[in-house]
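Colleague: Pasting a structure below so you can have a look.
Numbering (this note's numbering), first residue to last: 6 to 309.
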């Protein structure tokens, strides 16, 4: 995000690629992205504030309005970030992405130019050994410093790993990517799983009891017999901040046969498109609140 572009009302984002020295990379690889679709109300706000400013007879100047608008910029940027998160799986399958040479550990990040940014995708070229994974998970669950920070491990790559019967309790795992991993009969209890990815993962018999699953993506995963009792997809929305909660929790084309959603809180943008839901236990309140096909409605076991 470029604040100068916002004030000029052009709304161009800078898209740049760096090598492992980041901003010291001397080779330019830059293009721009037009994000005006997300910032259309920005111009309306700017015009209205400028009109109101004139009523204060010189007590407010143009720089005061600019400062107010820049303070509001993150509330618009969050929609661009959400769009990137929603499209990233398709993006990394493109021939253009597959064709270029990548660093051993590649990060796709989104944020403000030469300022705070966050990972939306992490790719390791070398598949870590089981010993390396176990060491990372050991420090994750047992390290004293990690415990003092609430056991946080975020924006990490756990794709395509064999970790059956993994047991994790009360950890902050937001935005980790478990896509393609074998996690059968694993237990994630009272964990923060906001924004996590489980695309095409084998999660048969897994437990996600009392977890925060806002914006989690379970698309095309095997969740047969999984337990979501007491979990919640409720977003935090205060003072204009709506992240997480813009993408919606997704179970598209997942196998949810025999899964248990008893006591779960689901937002209206939770998606079950194409999901198999034979004998899925679902609170009856969602029969009208969420979108289900006739086949899904007949296969679901509705509970009071």
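Beta carbons: idealized from backbone N, C-alpha and C, even for Gly.
#1: Under the three-state reduction of DSSP, which class applies to residue 127: helix, strand or coil?
#2: How far does the alpha helix (DSSP H) with residue 210 in it extend, from its first residue to its last?
#3: Going by C-alpha to C-alpha distance, which of 277, 67, 250 and 39 sits closest to residue 52?
#4: What is the DSSP secondary structure of residue 247, reduced to helix, strand or coil?
#5: Please classify residue 137 as buried or exposed, where buried requires at least 16 other C-beta atoms within 10 Å of its C-beta.
#6: Less than 8 Å between the beta carbons of residue 127 and residue 90, yes or no?
#7: Going by beta-carbon coordinates alone, are residue 193 and residue 163 separated by less than 8 Å?
#8: How many Å lie between residue 9 and residue 188 at the Cα?
#9: Starting from residue 21, follow its DSSP beta bridges and name the residues at the other end.
#10: Three-state secondary structure (DSSP) at residue 303?
#11: How would you call residue 196, buried or exposed, if buried means at least 16 neighbouring beta carbons within 10 angstroms?
#12: Among 191, 93 and 180, which one has its Cα closest to the Cα of residue 229?
#13: Residue 161: which of 178, 171 and 170 sits nearest, CA to CA?
#14: Any contact between the segment 64-80 and the segment 34-42? By contact I mean 3 or more CB pairs, one from each, below 8 Å.
#15: Of the residues 297, 207 and 243, which one's Cα is nearest the Cα of residue 260?
#16: Just checking my contact of residue 264 with residue 231 at CB under 8 Å: how many whole Å lie between their CB atoms?
#17: By a C-beta neighbour count over all protein chains shown, 10 Å radius and 16 as the cutoff for buried, is residue 134 buried or exposed?
#18: By DSSP, does residue 177 sit in helix, in strand, or in coil?
#19: Assuming residue 169 is part of the alpha helix (DSSP H), what are its boundary residues?
#20: Taking only beta-carbon atoms, is residue 303 less than 8 Å away from chain D?
#21: Using only CA atoms, which one of 209, 269 and 211 lies nearest to residue 237?
#22: What first and last residue would you give for the alpha helix (DSSP H) that runs through residue 74?
#23: Alpha carbon to alpha carbon, what distance is there between residue 63 and residue 69?
#24: Drop a sphere of 10 angstroms on the beta-carbon of residue 301, count the other beta-carbons inside from all chains shown, and report buried for 16 or more, exposed for fewer.
#25: Quick one: what does DSSP say residue 225 is sitting in, helix, strand or coil?
#26: Just the C-alpha distance for residue 217 and residue 239, rounded to the nearest angstrom, thanks.
#27: Do residue 221 and residue 201 count as a contact pair if the criterion is CB distance below 8 Å?
#28: If you count every other CB in all the chains shown that lies within 10 Å of the CB of residue 298, and 16 or more means buried, which is it?
#29: Less than 6 Å between C-beta atoms, sequence neighbours within five positions excluded: which residues of the same chain meet that for residue 167?
Modeller: Based on what the coordinates show:
#1: Working through the chain shown from its first residue, we reach residue 127 at position 122. Residue 127: strand per DSSP, three-state reduction.
#2: The sequence position of residue 210 within the chain shown is 205, counting from 1. No alpha helix (DSSP H) contains residue 210, which DSSP labels as neither H nor E.
#3: Start at 1 with the first residue of the chain shown, and residue 52 comes out as number 47. Comparing Cα positions, the closest option is 67.
#4: As a working mapping, residue 247 is identified with position 242 in the chain shown. Three-state result, residue 247: coil.
#5: As a first step, residue 137 is located in the chain shown; it is residue number 132 there, counting from the start. Exposed: under 16 other Cβ atoms inside 10 Å.
#6: Translated into positions along the chain shown, residue 127 becomes position 122. Translated into positions along the chain shown, residue 90 becomes position 85. Result no, Cβ atoms of residue 127 and residue 90 do not sit closer than 8 Å.
#7: Locating residue 193 in the chain shown gives position 188, counting from the first residue. Locating residue 163 in the chain shown gives position 158, counting from the first residue. No; because the gap between Cβ atoms is not below 8 Å, this pair is not in contact.
#8: Within the chain shown, residue 9 is the residue found at index 4, counting from 1. Within the chain shown, residue 188 is the residue found at index 183, counting from 1. Residue 9 and residue 188: Cα-Cα distance of roughly 46 Å.
#9: The count along the chain shown starts at 1 and reaches residue 21 at position 16. Note: residue 21 sits in a beta bridge opposite 35.
#10: Looking up residue 303 in the chain shown gives position 298. Correct three-state label for residue 303: helix.
#11: Here residue 196 is taken as the residue at index 191 of the chain shown, counted from 1. Buried.
#12: The residue you call residue 229 lines up with position 224 of the chain shown. It is 191.
#13: Taking the first residue of the chain shown as position 1, residue 161 is located at position 156. If we check each option's Cα against that of residue 161, 178 comes out closest.
#14: no
#15: Taking the first residue of the chain shown as 1, we reach residue 260 at position 255. Per the Cα distances, 207.
#16: Sequence index remark: in the chain shown, residue 264 carries index 259 (1-based). Sequence index remark: in the chain shown, residue 231 carries index 226 (1-based). At roughly 5 Å, the Cβ-Cβ gap stays under 8 Å, so residue 264 and residue 231 are in contact.
#17: As a working note, residue 134 is residue 129 in the chain shown. It counts as exposed.
#18: On the chain shown, residue 177 is found 172 positions in, with the first residue counted as 1. Of the three classes helix, strand and coil, the one that applies to residue 177 here is strand, per DSSP.
#19: On the chain shown, position 164 is the one that residue 169 refers to. Taken as a continuous stretch (DSSP letters only), residue 169 belongs to no alpha helix (DSSP H), as it is neither H nor E.
#20: The chain labelled as chain D is not found in the depicted structure, where only one protein chain is given.
#21: As a first step, residue 237 is located in the chain shown; it is residue number 232 there, counting from the start. Considering only alpha carbons, the answer is 269.
#22: As a first step, residue 74 is located in the chain shown; it is residue number 69 there, counting from the start. It spans 67-96 - the alpha helix (DSSP H) in which residue 74 sits, taken as one unbroken run.
#23: The sequence position of residue 69 within the chain shown is 64, counting from 1. The sequence position of residue 63 within the chain shown is 58, counting from 1. Their Cα atoms are separated by approximately 11 Å.
#24: Stepping through the chain shown from its first residue, residue 301 is reached at position 296. With 16 or more Cβ atoms within 10 Å of its Cβ, residue 301 is classed as buried.
#25: Indexing the chain shown from 1 puts residue 225 at position 220. Coil.
#26: Start at 1 with the first residue of the chain shown, and residue 217 comes out as number 212. Start at 1 with the first residue of the chain shown, and residue 239 comes out as number 234. About 8 Å.
#27: Indexing the chain shown from 1 puts residue 201 at position 196. Indexing the chain shown from 1 puts residue 221 at position 216. It is a contact, given that the beta carbons lie within the stated cut-off.
#28: Indexing the chain shown from 1 puts residue 298 at position 293. The residue in question, residue 298, is exposed, as its Cβ has fewer than 16 Cβ neighbours within 10 Å.
#29: The sequence position of residue 167 within the chain shown is 162, counting from 1. Excluding sequence neighbours, residue 167 sits near 187.
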